[in-house]
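Student:
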Amino acid sequence: MSKSSNPAARLFHAVVAFDWYMYAVLLVLSAIMITVGMIFGLMLAADMPAMSPYFPMNA
């Protein structure tokens, strides 16, 4: 696609690019938070096996 000199078209492309950038940032943040939560949950399971839902047979 050739570069357009129409300011409305350039604004539209900038908004679309910003939206995809924000989606990528949210996806990365979600993955980081899920990973941190899993690590924290596994640490709690290792520290307190009797109270952890990960090891119900140890209660």
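Per the working numbering, the very first residue in the sequence shown carries number 37; after that it's consecutive.
Quick reminder that beta carbons are idealized off the backbone N, C-alpha and C, glycines included.
#1: Rounded to the nearest angstrom, what separates residue 63 and residue 49 at their Cα positions?
#2: Quick check on DSSP: helix, strand or coil for residue 41?
#3: Between residue 60 and residue 51, what straight-line distance do the alpha-carbon atoms span, to the nearest angstrom?
Tutor: So, from the listed chains and residues:
#1: Along the sequence shown, read from residue 1 onward, the residue named residue 63 stands at position 27. Along the sequence shown, read from residue 1 onward, the residue named residue 49 stands at position 13. Take the alpha-carbon of residue 63 and the one of residue 49: they are about 21 Å apart.
#2: As a first step, residue 41 must be located in the sequence shown, where it is residue number 5. DSSP, reduced to helix, strand and coil, places residue 41 outside both helices and strands of the structure shown, so it counts as coil.
#3: Here residue 60 corresponds to residue number 24 of the sequence shown, with the count starting at 1. Here residue 51 corresponds to residue number 15 of the sequence shown, with the count starting at 1. Cα atoms of residue 60 and residue 51: separation of roughly 14 Å, rounded to the nearest angstrom.
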